[in-house]
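At position 26 of the sequence shown the residue is numbered 480 (the working numbering), and the sequence of numbers has no breaks. Below you'll find the structure, written out as structure tokens, and then a few comments.
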Amino acid sequence: MSIKCDTWIRQMAQEKGMIEPFVDGQVKHAENGGGVVSYGLSSYGYDVRCADEFKIFTNINSAIVDPKNFDENSFVDVKSDVCIIPPNSFALARTVEYLRIPRSVLTICLGKSTYARCGIIVNVTPLEPEWEGHVTLEFSNTTTLPAKIYANEGVAQFLFFGADDVCETSYKDRAGKYQGQTGVTVPRL
455 MSIKCDTWIR QMAQEKGMIE PFVDGQVKHA ENGGGVVSYG LSSYGYDVRC ADEFKIFTNI
515 NSAIVDPKNF DENSFVDVKS DVCIIPPNSF ALARTVEYLR IPRSVLTICL GKSTYARCGI
575 IVNVTPLEPE WEGHVTLEFS NTTTLPAKIY ANEGVAQFLF FGADDVCETS YKDRAGKYQG
635 QTGVTVPRL
């Protein structure tokens, strides 16, 4: 017997706390009636929101971006309802939602077309079985113009792939370095 994908995601969210807070259905309008970039449960995935915490990369301190020796002078912290990413630049943010990926699930993230059509690329590495935390979102502004990201609105869609069997070794078993992250998390070694 098979079940509909949105029903399966709903069950995983309710029974396993996979997505918190969980929005059961697509939200396309703000409480004041204005439009928003949609978020919530969709047919085959879940559209996550971006929180209001951003790290915007900048060259004002002449820092070098080095994943082995990350210099916090390479970005500025911004807390705002919007984030303006400079031309050909990059920003980090985090999801509003806290995710707990079950041991039999792999999660892939894709950017929303609303942002992709503006030259804003969202990159998130796969969420492995038993990973949990707020997801750090990576935004690249590929244009020669400043680009705007809206907090508390949809930014990316997560797709969940369920397996018939659980994995032999999960992210939690390996004590992964990004397990349980709660803020915008920079590279760790």
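Cβ coordinates follow ideal geometry from the N, Cα and C atoms, glycine included.
From which residue to which residue does the alpha helix (DSSP H) around residue i run?
{"i": "Cys-459", "result": "459 to 470"}
{"i": "Thr-561", "result": "No alpha helix (DSSP H) holds Thr-561; the beta strand (DSSP E) holding it covers 559 to 565."}
For the beta strand (DSSP E) holding residue i, just list the boundary residues, first then last.
{"i": "Ser-594", "result": "586 to 595"}
{"i": "Tyr-493", "result": "489 to 495"}
{"i": "Thr-636", "result": "Premise fails: Thr-636 is in no beta strand (DSSP E) and is neither H nor E."}
{"i": "Thr-549", "result": "544 to 554"}
{"i": "Ala-605", "result": "Taken as a continuous stretch (DSSP letters only), Ala-605 belongs to no beta strand (DSSP E), as it is neither H nor E."}
{"i": "Asn-523", "result": "Here Asn-523 belongs to no beta strand (DSSP E), and DSSP marks it neither H nor E."}
Is residue j closer than 8 Å to residue i when the C-beta atoms are compared?
{"i": "Glu-586", "j": "Glu-474", "result": "no"}
{"i": "Glu-622", "j": "Tyr-493", "result": "no"}
{"i": "Val-638", "j": "Arg-548", "result": "yes"}
{"i": "Val-578", "j": "Val-589", "result": "yes"}
{"i": "Phe-524", "j": "Val-640", "result": "yes"}
{"i": "Ile-459", "j": "Tyr-500", "result": "Here the sequence assigns Cys to residue 459, which means Ile is not the residue at that position. Against a cut-off of 8 Å, the Cβ pair of Tyr-500 and Cys-459 comes out as no contact."}
{"i": "Met-630", "j": "Ser-558", "result": "The question names Met, yet the displayed sequence has Gly at residue 630. No, they are not a contact pair."}
{"i": "Ile-603", "j": "Cys-537", "result": "yes"}
{"i": "Glu-584", "j": "Tyr-632", "result": "no"}
{"i": "Ala-605", "j": "Asp-535", "result": "yes"}
{"i": "Phe-593", "j": "Ile-539", "result": "yes"}
Excluding the 5 residues flanking residue i on each side, which residues of the same chain have their C-beta closer than 6 Å to its C-beta?
{"i": "Pro-556", "result": "Lys-470"}
{"i": "Thr-670", "result": "Examination of residue 670 is not possible in this model, given that the chain is present from 455 through 643 alone."}
{"i": "Met-472", "result": "Met-466 and Arg-554"}
Among residues of its own chain, excluding the 5 on either side of residue i, which ones have a beta-carbon nearer than 8 Å to its beta-carbon?
{"i": "Thr-596", "result": "Asn-542, Gly-573, Ile-574 and Ile-575"}
{"i": "His-483", "result": "Gly-489 and Val-490"}
Skipping 5 residues on each side, what residues in its chain have a beta carbon closer than 7 Å to that of residue i?
{"i": "Leu-599", "result": "Pro-541"}
{"i": "Ser-567", "result": "none"}
Within 8 Å (strictly less), CB to CB, does residue i reach chain B?
{"i": "Ser-497", "result": "The question asks about chain B, but that chain is absent: this structure has only one protein chain."}
> Between the segment 530 to 537 and the segment 503 to 513, do at least 3 Cβ pairs fall closer than 8 Å?
Replying inline: Yes, the segment 530 to 537 is in contact with the segment 503 to 513.
>> Does the segment 512 to 524 come into contact with the segment 460 to 470, if we say contact requires no fewer than three beta-carbon pairs (one atom in each stretch) closer than 8 Å?
In response: Counting C-beta pairs with one atom in each stretch, the segment 512 to 524 and the segment 460 to 470 have fewer than three that are closer than 8 Å, which means they do not touch.
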